[in-house]
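Beneath this line is the structure, given in structure tokens, with notes to follow.
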């Protein structure tokens, strides 16, 4: 049975503690080694209402591991993605994650740990001493004490403030705020409300709507009555499609300009809204605000090509490549892999201290944009500085790197093009 | 304020029509078999997905509605004949049967998701023109659904009161043993009733999909509660009552969404159901005998 | 691995407490309480607001009432008590003598209403985001000691709970409850106060639910409306039905079968199932659960371990 074999394997590996030449051991080093392939946990909802995220986070895992394995693996260990369903339910997530940790051999890194369940899954993974790059935006983690935790996506409150900055920058003065009742939107609202008055904008109506209702006609009517010039919006694809359809009917075919999060840059959102109100609205009147990254960098091209090369991610590659959180997960995997090489071990409790060093700017370091270059440089004895898809991360003392923001517009194939930038420093100042 | 209220009532009539369509089917099923069939929700979802299958292959939405109705009608007959009826014959308690229907609903829901995936689906833009009259704002689709519901109700009424089949159905619903002793083939009548109510269920599923524009595998179960509320409000087993019930639930929800916190609009249907069950289980139009069927 | 065993033990223990409570209400007393999950949630939230500090002290990232920073035992006791109170409130809505299946739907709707109200009012219990960073006991101890100490607490609660439970399910009270379940009018006719009995059962069952919720949330540290979907009650109910209604051993087996074997068991199915469609493995879990319930009601409605019909001396 699989479990028995795994237990046997890990016992042997720990029991021998022989530093294998193949694993790049150094003389006299007492770091433990592991044998066999490595596993990378994708801790995300694969069932339940947020099931879409499971697929969206598996894709960057596949892209990163494809590239790592093609470059010879991490110190000759091949690595593969292990999906761990957190079900969207914080209570059910704990046994699933614990079971995966207990029974998966060489589970040495993880990504995901999404907002719905982060409150219970983050402590578990941290306790197991597995470094992880999370994609949740919960404000709860803005200040935290988890040493294995890393986040390259901005908190929800920062996102909310960024919405405000963009709306005012575009010249909109009368803002309607409509959020779906949920975790993500709850986080965005305080940031938005804090930033708006400081920018001179005016929130003319603020509504929270239930998810997936049959019709939002009544809510739409009240928004129209408030006469806004822009709609700051956050809701799931189905809710958005129904709401916009009702809006179109009730407003003589006119739809408002919309500012929403790049979280909505998903195939599901794109298709749902397209079917409901047509392509034109999507490409001309919707701005998607989120993590900034430059689509002309070599790092981005490597990432996108990896997505296109893998048959499982080919279909969604054009859209997915422009979404922030999966790109952050991809960068995180590369960073952790390079940290393993620097530490000369794949065991989390030993390589964790090197994670931040991989991205720290230092003089004389070789700047690398992908895993293969980084591994080669380290093998040649150089110091490296990884600058990935999301650019140069600047981690604070809580291992959060919020970075800059940008605004995007949909293309007709569902991918997005950047149309402007928003200063991260300005956003942070507005939240203070 | 008044304009807002009248608009909300208009929206309520549109949502209410869809709820009424489902509620009537539910009511007929209960009236005939005395079973609280929670699987009805997932069967509506199945109807919506069958409609999607047809529309993706070029069918017109209204044709899809009819076809989905027929298919779900047949499925419902099978469901009753081969799962529920045998359980009833063995004397299984009503509560256990409800648990069976809930479980079957969950199984059906997850089978649908296993094949079709969890992402949001749509029939595309179906609304048609928007009409404004008497302070109401309604689209062509919504008007069609309202008219369709009225026509179906009228047809059902004529069936139940003017035809031999209809009279036989009412007799079976009221007292099965007596009906059998009059020579009525109650099994056949039962099957017919489930076929009809199943067809209404499938049609309601497609109508829901058209109304919400965007839906996923949780479509049916979400709307089942307002439909049960409407059925109970009107008097369970009374098709006309279910229509009135649907209107009331629809209008009340939209008024709540318009004037109060929109999230509480869902609670309105729940509250109506609980209050009716506690205060007047027979509903507005139910007869006193209906009370006996609902109370222990 | 050891941590996984701890998790399984804690979950088994809290599921047992919950299942016993539900069995008392449904299996023994015949009260169809599909809103049972609300008592579990009440216990969990109460524990949370008792042990957390005031919202502002933690940076105000979550809003909630309370924040009393009470120690573990008091918070758990509070959770149990509030569970009982909520149980009684739910019971009052069920006092009207509805047909059991309508009762079931009414209770289900109560559960949905509770979830909607908690989600909608973000100031009450932080809405949909739920509460996090809930303190656990013994946090100043070595992690391994902390875990096993917690398991010990859960075991103690289960043992104590079981002893308390038996006073209600066996003995004179148990017989009265079964009489009420089997024929309410006859029971009333011989002078039993039906209303008082039903409310008492709801209180005790609710207390078990509250205790279960409080212990669970102390262990996992977070709680939100996503954790108390009405479908959770269904899983518990399946455990009660499959294991055997009306008797505690049966329910214990049923809980083990459902909570551990099935819902955890599908995790051990190979990942290759997910290549057909991502998430298929987990969907299978619910499909199996549903089918199992139907099969049991069809084939063996009395469950794996049938309730022993008490024999009174003389004729069968």
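Chains as they are written, first to last, in this note's numbering: chain A, 522 to 953; chain B, 50 to 345; chain C, 677 to 992.
All residues carry an ideal CB built from backbone N, CA and C; glycine is no exception.
Residue i: contacting residues in chain A (beta-carbon distance under 7 Å)
i	result
residue 796 of chain C	702
residue 683 of chain C	615, 616 and 619
heavy atom of the ligand NAD below 7 Å from residue i C-beta
i	result
residue 733 of chain A	Although the ligand NAD was asked about, the structure shown includes no ligands whatsoever.
Beta-carbon neighbours of residue i, restricted to chain A and to distances below 8 Å
i	result
residue 803 of chain C	702 and 707
residue 260 of chain B	735 and 736
Cutoff 7 Å; reference residue i; Cβ partners in own chain excluding five residues on either side
i	result
residue 833 of chain A	583
residue 947 of chain A	686
residue 522 of chain A	With a pLDDT of 33 at residue 522 of chain A, under the threshold of 50, the modelled position of that residue is not reliable, and no figure is offered here.
residue 839 of chain A	934, 935 and 936
residue 831 of chain A	583, 584 and 587
Chain-ordered chain B contacts of residue i [CB-CB under 9 Å]
i	result
residue 755 of chain A	Residues of chain B passing the Cβ test: none, with the nearest at roughly 15 Å.
residue 869 of chain C	Those within 9 Å of residue 869 of chain C in chain B number zero; the least Cβ separation is about 17 Å.
Chain C contact residues for residue i, given Cβ-Cβ distances below 9 Å
i	result
residue 68 of chain B	Near residue 68 of chain B there are no residues of chain C at all, since even the closest Cβ is about 15 Å away, more than 9 Å.
Paired residues, beta bridge with residue i - DSSP
i	result
residue 677 of chain C	Looking at the DSSP assignment, residue 677 of chain C forms no beta bridge with any residue, so it has no partner.
residue 899 of chain C	C/807
residue 809 of chain A	A/781 and A/929
residue 801 of chain C	C/740
residue 214 of chain B	DSSP lists no partner for residue 214 of chain B.
residue 997 of chain A	Look at the range of chain A in this structure, 522 to 953, and you will see that residue 997 of chain A is not part of it.
residue 942 of chain A	A/927
residue 602 of chain A	A/561
Beta-carbon contacts of residue i that lie in its chain and below 6 Å, excluding the five residues immediately before and after
i	result
residue 544 of chain A	Caution is warranted here: a pLDDT of 41 is assigned to residue 544 of chain A, below 50, making its placement in the model unreliable, and the coordinate value is therefore given only provisionally. Closer than 6 Å at the Cβ level, and outside the excluded window around residue 544 of chain A, lie 554 and 596.
residue 101 of chain B	170
residue 130 of chain B	none
residue 869 of chain A	629, 650, 651 and 652
residue 990 of chain C	Only weak support exists for where residue 990 of chain C lies, its pLDDT of 48 falling under 50; the value from the coordinates is given anyway. Around residue 990 of chain C: no qualifying Cβ.
Under 9 Å by beta carbon: chain A residues contacting residue i
i	result
residue 272 of chain B	735
residue 307 of chain B	738, 739, 740, 742 and 743
residue 57 of chain B	738, 739 and 742
residue 738 of chain C	660 and 661
residue 245 of chain B	The premise fails here: residue 245 of chain B is roughly 24 Å from chain A at the closest Cβ pair, so nothing lies under 9 Å.
residue 102 of chain B	Residues of chain A passing the Cβ test: none, with the nearest at roughly 15 Å.
Listed by chain order, chain B residues near residue i by CB distance under 8 Å
i	result
residue 993 of chain C	Given that chain C is displayed from residue 677 to residue 992, the structure contains no residue 993 of chain C and the question cannot be resolved.
Same chain only: Cβ atoms within 8 Å of residue i, ignoring 5 sequence neighbours per side
i	result
residue 980 of chain C	918, 919, 920, 926, 929, 930 and 933
residue 268 of chain B	93, 94, 97, 254, 257, 258 and 261
Within chain C, the residues that residue i reaches when beta carbons sit closer than 7 Å
i	result
residue 330 of chain B	774
residue 112 of chain B	The premise fails here: residue 112 of chain B is roughly 29 Å from chain C at the closest Cβ pair, so nothing lies under 7 Å.
residue 144 of chain B	708, 776, 777 and 780
residue 147 of chain B	777 and 780
Chain F within 8 Å of residue i, Cβ atoms only
i	result
residue 267 of chain B	Looking for chain F here will not work: the only protein chains present are A, B and C.
Chain C residues whose Cβ lies nearer than 8 Å to that of residue i
i	result
residue 222 of chain B	In chain order: nothing, as chain C lies at least about 16 Å away.
residue 141 of chain B	973 and 977
*In chain order, what residues of the stretch 731–752 of chain A put their CB closer than 8 Å to some CB of chain B?*
731, 733, 734, 735, 736, 737, 738, 739, 740, 742, 743 and 746
*asked:* Any C-beta of chain C within less than 7 Å: which residues of the stretch 828–858 of chain A qualify?
replied: none
*asked:* Contact between the stretch 925–933 of chain C and the stretch 112–128 of chain B is defined here as three or more beta-carbon pairs at a separation below 8 Å; is this criterion met?
replied: The stretch 112–128 of chain B and the stretch 925–933 of chain C do not touch, with fewer than three beta-carbon pairs separated by less than 8 Å.
*the stretch 891–909 of chain C: which residues have C-beta closer than 9 Å to a C-beta of chain A, in chain order?*
Answer in chain order: 892, 893, 895, 896, 897, 898, 899, 900, 902, 903, 904, 905 and 908.
*Would you be able to state if there are at least three C-beta pairs under 8 Å between the stretch 607–620 of chain A and the stretch 677–690 of chain C?*
yes
*May I ask you to verify whether the stretch 84–104 of chain B touches the stretch 304–316 of chain B, counting CB pairs closer than 8 Å and requiring at least 3?*
no
_Beta carbons nearer than 8 Å to chain B: which residues of the stretch 852–864 of chain C have them?_
860
*Does the pairing of the stretch 632–641 of chain A with the stretch 316–334 of chain B give three or more beta-carbon distances under 8 Å?*
no
*With 7 Å as the limit, tell me which residues of the stretch 160–179 of chain B have their beta carbon closer than that to any beta carbon of chain A; keep them in chain order.*
167, 168, 169, 171, 173, 174, 176 and 179
*the stretch 748–761 of chain C: which residues have C-beta closer than 7 Å to a C-beta of chain A, in chain order?*
none
*When Cβ atoms are compared, which residues of the stretch 275–294 of chain B fall closer than 7 Å to chain C?*
277
*Does the stretch 271–280 of chain B come within contact of the stretch 64–72 of chain B, defined as at least 3 CB pairs closer than 8 Å?*
Of all C-beta pairs linking the stretch 271–280 of chain B to the stretch 64–72 of chain B, three or more are shorter than 8 Å, placing the two stretches in contact.
_Cβ contact (3+ pairs, closer than 8 Å) linking the stretch 713–727 of chain C and the stretch 886–894 of chain C_ = Touching, per the Cβ criterion.
*Are the stretch 965–974 of chain C and the stretch 140–152 of chain B touching, with three or more C-beta to C-beta distances below 8 Å?*
yes
*Below 9 Å between beta carbons is the criterion; list the residues of the stretch 766–777 of chain A that meet it against any residue of chain B, in chain order.*
Residues passing the 9 Å Cβ filter: 766, 767, 769, 770, 771, 773 and 774.
*Closer than 9 Å, Cβ to Cβ, to anything on chain B: give me those residues from the stretch 791–802 of chain A, in chain order.*
792, 793, 794, 795, 796, 797, 798 and 799
*Between the stretch 913–927 of chain C and chain A, which residues of the former have a C-beta closer than 9 Å to a C-beta of the latter?*
none
*Meets three-Cβ-pair contact criterion under 8 Å: the stretch 800–809 of chain C and the stretch 695–707 of chain A*: yes
*Check whether the stretch 657–668 of chain A touches the stretch 857–873 of chain C, counting contact only when three or more Cβ pairs, one atom from each stretch, lie closer than 8 Å.*
Because the criterion of three Cβ pairs below 8 Å is not met, the stretch 657–668 of chain A and the stretch 857–873 of chain C do not touch.
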